[in-house]
Amino acid sequence: MPILYLFLAGICETLWPLGFKLSQTGDSRDSWIIMSIITMTLSVVFFYLAQKHIPLMMAYPIWTGLGAIGTFLAGVIYFHDAATWISWLGVCLIVGGISMLDHG
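The numbering used here applies: residue 10 is where the sequence shown begins, and numbers increase by one.
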C-alpha cells in the first residue's frame, strides 16, 4: 500500500502544475485553480502516508521525480513544449539518479 500511496502522490504532484497551466488557457480558470489546490493537498497527504513506511531518502526523490517527469511529459505532449535530446537526457538522469539511491 505505501507504494500505491507514493504513486498517487506522484500523479497528484504532476496534476497541480498542470491545473495552473490550464487555468491560464481557458474559460474555467477558477475550476482549474481549485483542482490544483485539491491535487496539491492530495499529493502531500499521499506522500505523508507513503513515507511512514518508505525511507525518506527514497520517498521524496521518487515523489518529486514523478512530478518532474510527469510535468515534462505533459508539457511536451499536450502543450507542445520543445523537447531536445538534452531535455530527454535530463529525464533519463532523473530516473537513473533515483534508481541508484538504494544501492549504496
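Glycine is no exception: its CB is placed at the ideal position from the N, C-alpha and C atoms.
Quick caveat: nothing in here was measured; it's all calculated off a predicted structure.
One alpha carbon belongs to Asp90, the other to Asp36, and they sit about 22 Å apart. In this structure, Leu98 lies away from Pro70, with their beta-carbon atoms at least 9 Å apart. Across the set Ala68, Ile95, Gly84 and Ser96, the C-alpha of Ala68 shows the shortest separation from the C-alpha of Gly19. For Ala77, same chain residues with a beta-carbon under 7 Å away, outside a window of 5 residues either side, are Ile103 in chain order. Counting every other CB atom within 10 Å of its CB across the protein chains shown gives Phe88 a total below 16, marking it as exposed.
Around Leu31, the same chain offers Trp41 as residues with beta carbons nearer than 6 Å, after the five sequence neighbours per side are excluded. In the displayed model, Lys61 falls within coil according to three-state DSSP, outside both helix and strand. For Phe16, the enclosing alpha helix (DSSP H) starts and ends at Pro11 to Ser32. When Leu24, Asp39 and Leu58 are compared, the shortest CA-CA separation from Leu13 is found for Leu58.
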